[in-house]
Amino acid sequence: MRAHRRAGLVVSEVNTRQGAGRNLIDAIVRHRVAATIGFLIIFPWFVPYHTLAINILIWGLFALGFNLLYGYAGLLSFGHAALLGVGSYGCGIVIVHFGWPWYVAIICGILFASAVAAVIGFLAIRTRGIYFSMVTLALAECVYYLFYKWESVTGGENGLRGINVSTINLFGFEINFLDPVNKYYVMLGVVAIALWLFSRILASPFGAVLETIRENDARAAACGYNVANTKLMAFVLSGAFCGVAGALRALHLSTVPVEVMQISTSGDVVMMALLGGFGTFFGPFIGAAVFQLFGDALTLWTTHWQLYLGATFVVFVLFFPRGIWGSILHWLRVAKP
Amino acid sequence: MSDILVAEGVGKKFGGFVALKAVSVRFAQNKLAAIIGPNGAGKSTFFNVISGAFPASSGRVSFEGHDITGLPPHEYARRGIAKSFQITNVFPQLSAHENVRVAAQMQKTRYNLWTPRAAIRELIEEADHLLERVGISAKRHAVARDMAHGEQRCLEIAMALACKPRLLLLDEPTAGMSPEETIKMMDLIVTLAAERTVILVEHKMKLVMGICEQLVVLHHGELLAQGTPDDIRANEEVRRVYLGQGKY
Numbered sequence: 083m084r085a086h087r088r089a090g091l092v093v094s095e096v097n098t099r100q101g102a103g104r105n106l107i108d109a110i111v112r113h114r115v116a117a118t119i120g121f122l123i124i125f126p127w128f129v130p131y132h133t134l135a136i137n138i139l140i141w142g143l144f145a146l147g148f149n150l151l152y153g154y155a156g157l158l159s160f161g162h163a164a165l166l167g168v169g170s171y172g173c174g175i176v177i178v179h180f181g182w183p184w185y186v187a188i189i190c191g192i193l194f195a196s197a198v199a200a201v202i203g204f205l206a207i208r209t210r211g212i213y214f215s216m217v218t219l220a221l222a223e224c225v226y227y228l229f230y231k232w233e234s235v236t237g238g239e240n241g242l243r244g245i246n247v248s249t250i251n252l253f254g255f256e257i258n259f260l261d262p263v264n265k266y267y268v269m270l271g272v273v274a275i276a277l278w279l280f281s282r283i284l285a286s287p288f289g290a291v292l293e294t295i296r297e298n299d300a301r302a303a304a305c306g307y308n309v310a311n312t313k314l315m316a317f318v319l320s321g322a323f324c325g326v327a328g329a330l331r332a333l334h335l336s337t338v339p340v341e342v343m344q345i346s347t348s349g350d351v352v353m354m355a356l357l358g359g360f361g362t363f364f365g366p367f368i369g370a371a372v373f374q375l376f377g378d379a380l381t382l383w384t385t386h387w388q389l390y391l392g393a394t395f396v397v398f399v400l401f402f403p404r405g406i407w408g409s410i411l412h413w414l415r416v417a418k419p
Numbered sequence: 525m526s527d528i529l530v531a532e533g534v535g536k537k538f539g540g541f542v543a544l545k546a547v548s549v550r551f552a553q554n555k556l557a558a559i560i561g562p563n564g565a566g567k568s569t570f571f572n573v574i575s576g577a578f579p580a581s582s583g584r585v586s587f588e589g590h591d592i593t594g595l596p597p598h599e600y601a602r603r604g605i606a607k608s609f610q611i612t613n614v615f616p617q618l619s620a621h622e623n624v625r626v627a628a629q630m631q632k633t634r635y636n637l638w639t640p641r642a643a644i645r646e647l648i649e650e651a652d653h654l655l656e657r658v659g660i661s662a663k664r665h666a667v668a669r670d671m672a673h674g675e676q677r678c679l680e681i682a683m684a685l686a687c688k689p690r691l692l693l694l695d696e697p698t699a700g701m702s703p704e705e706t707i708k709m710m711d712l713i714v715t716l717a718a719e720r721t722v723i724l725v726e727h728k729m730k731l732v733m734g735i736c737e738q739l740v741v742l743h744h745g746e747l748l749a750q751g752t753p754d755d756i757r758a759n760e761e762v763r764r765v766y767l768g769q770g771k772y
């Protein structure tokens with residue numbers, strides 16, 4: 083974390099410097115929830131097809147949840163695939179096995195993911211730095227194999243099938259959920275609530291404590307904050323947001339492929355958060371959009387698209403450690419008017 | 525006379541190395557005390573043990589009559605013991621004001637996820653007040669890592685004060701400061717000691733002689749002498765190991 087801090091990898095949005103020429107950015111940062119939702123409302127009309135927009139929306143929310151832990155609390159988890167996956171399974175299982183309504187299923191996804199996050203977090207926060215990352219990775223693999231083997235409930239290697247939500251009833255209106263545009267905007271409603279809650283957490287006194295732990299946990303303890311408890315709470319909250327993303331993904335795909343829990347998912351979310359900018363509010367959505375659009379465009383002419391994505395990742399780590407959105411914020415703030 | 529902090533037979537070993545050998549000291553309430561000694565005397569080790577940075581290998585420390593040996597660091601702050609570190613230790617990417625505000629926040633709320641920070645006016649005002657108290661209110665919006673060294677030291681004191689401590693522990697508060705900054709800092713420490721107990725570690729003996737009411741002299745990890753500055757000046761042993769070097 084110290085090395086990251088020196089490289090300026092972590093950008094704090096709280097300390098906006100005074101000066102001219104940054105009014106637009108300042109306005110976006112100040113009204114970050116409205117700005118992000120506004121962007122997401124018009125976004126699907128600028129991407130090649132609507133299901134891609136849905137993917138980006140879901141991955142963006144997942145990266146946002148991941149970012150709470152790394153960008154704001156400084157804890158690098160390599161086990162977030164488990165949280166996304168459990169969110170998906172939690173939502174899917176109650177629909178497939180109990181026939182519960184979709185909105186209850188989303189809440190179940192959140193609760194499942196938070197509970198698993200509490201267990202992984204409880205064990206992982208005892209360690210620091212690279213050991214923390216390794217413990218989260220190992221525990222996420224355990225969760226993966228558990229769901230892989232638990233065939234009667236999870237469908238095992240075939241994945242959980244039959245999460246069929248074709249129409250949903252919203253305030254008396256029957257909405258065709260199979261239409262990707264409808265699906266996108268219903269999900270955006272859920273994402274909007276999540277964004278609003280996320281922003282409140284960041285602006286709250288607890289959000290301030292998270293920043294102090296990222297900055298200097300020994301000092302945070304000397305101020306009287308219980309570092310272990312705060313980290314655990316951050317992990318659970320991160321799990322809850324990833325759980326929302328997972329639940330939406332189950333509804334979107336109508337199935338939960340067990341591969342979602344594999345290690346590559348954990349890697350992808352780190353990449354998206356980095357591309358967008360660690361510790362920025364809007365960054366995760368930018369990162370998810372770039373990652374998905376890039377992948378989508380490259381697959382058309384090469385099967386080795388991940389090679390190019392990997393190279394892009396290396397370029398960002400070396401030359402733009404603040405990510406796309408983080409760099410834009412930084413340039414506009416430090417640039418002389 | 526009631527003692528606020530009592531160390532009984534406090535020892536500390538690092539592997540085979542004995543840094544501190546059974547030191548027993550009682551610090552009186554609302555006094556300004558200093559722990560002095562030549563380099564390597566065990567001052568910082570003793571300071572770190574009584575401030576909870578690491579546990580003692582033997583002996584016990586009690587604060588206001590309660591045993592605090594081995595408590596986790598955040599418990600020290602909650603019981604009313606605040607400290608500043610020898611190496612400047614702030615939240616580098618936060619503004620000076622936020623550094624102090626978040627330190628003050630602990631007294632009021634820790635796990636509030638809902639109320640916006642900006643809505644808790646009393647914490648904002650308290651941080652303003654403390655920045656003014658230590659003389660850096662002009663740097664309110666400055667990012668901590670961009671501040672001058674002396675200003676960061678003052679910021680640390682403001683953060684420690686934000687914990688509303690009854691005991692303030694300062695580890696070499698003037699380290700690396702210019703002579704002017706040092707004088708200002710010592711003046712500040714004297715005014716702070718009027719309201720609470722202050723214990724500081726210092727190796728510049730001249731600095732503390734004039735202002736402290738109690739001096740504790742350590743040498744080779746052992747308690748060499750303790751008492752008023754006059755007692756210490758008159759102590760043959762201290763003169764031999766410390767003052768006798770001529771440069772003090």
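For the record, the sequence lines run as chains X and B.
All letters in the first sequence, in the order written, are residues 83 to 419 by this note's numbering.
All letters in the second sequence, in the order written, are residues 525 to 772 by this note's numbering.
For each residue, glycine too, the CB sits at the ideal point set by N, CA and C.
As the structure is a prediction and not an experimental result, all values here were calculated from the model.
- The count of Cβ pairs closer than 8 Å, one atom from the stretch 156-176 of chain X and one from the stretch 205-224 of chain X, reaches three, so the stretches are in contact.
- By the C-beta criterion, the stretch 584-600 of chain B is judged to be in contact with the stretch 530-546 of chain B, since at least 3 inter-stretch pairs fall below 8 Å.
- Contact between G566 of chain B and A543 of chain B holds, with the beta-carbon distance rounding to 5 Å and staying under 8 Å.
- C324 of chain X is outside the set of residues whose beta carbon lies under 9 Å from a beta carbon in chain B.
- Contact annotation for F288 of chain X against chain B: Y635, N636, L637 [CB-CB distance below 7 Å, chain order].
- At least 9 Å separates the beta-carbon of I707 of chain B from that of P697 of chain B.
- The Cβ neighbour count for D695 of chain B, taken over all protein chains shown within 10 Å, is at least 16; the residue is labelled buried.
- Our two residues, N258 of chain X and Y266 of chain X, have alpha carbons roughly 11 Å apart in a direct line.
- Under the 8 Å Cβ criterion, the stretch 589-598 of chain B does not count as touching the stretch 656-671 of chain B, having fewer than three qualifying pairs.
- Taking the beta carbon of T294 of chain X as reference, the chain B residues within 7 Å of it are F615, V626, listed in sequence order.
- In this structure, I107 of chain X sits away from L357 of chain X, with a CB-CB distance that is not shorter than 9 Å.
- With a threshold of 9 Å between beta carbons, N240 of chain X makes no contact with chain B.
- As DSSP reads the structure, L556 of chain B sits in a beta bridge with B:V722.
- Residues L143, L146, F323, V326 of the same chain have their beta carbon placed closer than 8 Å to that of A276 of chain X, with the five preceding and five following residues left out of the count.
- D299 of chain X is classed as buried because its beta carbon has at least 16 other beta carbons within 10 Å across all chains shown.
- In this structure, A371 of chain X sits away from F160 of chain X, with a CB-CB distance that is not shorter than 9 Å.
- Listed by position along chain B, the residues whose Cβ is nearer than 7 Å to that of G306 of chain X are H598, A601, R602, M630, C687.
- L314 of chain X is positioned such that its CB atom lies closer than 9 Å to that of I207 of chain X.
- Taken in chain order, the complete beta strand (DSSP E) segments of 3 or more residues contained in the stretch 633-689 of chain B number zero; there are none.
- W638 of chain B counts as exposed, since fewer than 16 other C-beta atoms from the protein chains shown sit within 10 angstroms of its C-beta.
- The beta carbon of S526 of chain B sits closer than 7 Å to those of Q553, all from its chain and outside the five residues before and after it, given in chain order.
- Secondary-structure assignment with DSSP links G535 of chain B through a beta bridge to B:S582.
- In the DSSP assignment, T612 of chain B forms no beta bridge with any residue.
- Of the other Cβ atoms in all chains shown, fewer than 16 fall within 10 Å of the Cβ of D754 of chain B; this residue is therefore exposed.
- The continuous beta strand (DSSP E) containing F255 of chain X extends over residues 255-258.
- V542 of chain B sits in a strand when the DSSP states are folded into three classes.
- Close partners of R331 of chain X in chain B (Cβ separation under 7 Å) are lacking, with about 25 Å as the shortest Cβ gap.
- Beta bridge pairing from DSSP links F551 of chain B with B:L529.
- Against chain B, the beta carbon of E297 of chain X has neighbours under 7 Å at F615, P616, Q617, L618, listed in chain order.
- Going by C-alpha positions, I735 of chain B is about 18 Å away from N759 of chain B.
- The C-beta distance from F376 of chain X to L391 of chain X rounds to 6 Å, short enough to meet the 8 Å contact threshold.
- Bounds of any beta strand (DSSP E) do not take in V573 of chain B; it lies within the alpha helix (DSSP H) bounded by 567-574.
- A check of alpha carbon separations from H673 of chain B across B:R645, B:N563, B:Q610 identifies B:Q610 as the nearest.
- No residue range can be given for L618 of chain B, since it is assigned to no alpha helix (DSSP H) and is classified by DSSP as neither H nor E.
- In the structure shown, R208 of chain X adopts coil according to DSSP, grouped into three states.
- The secondary-structure analysis by DSSP pairs D591 of chain B across a beta bridge with B:S586.
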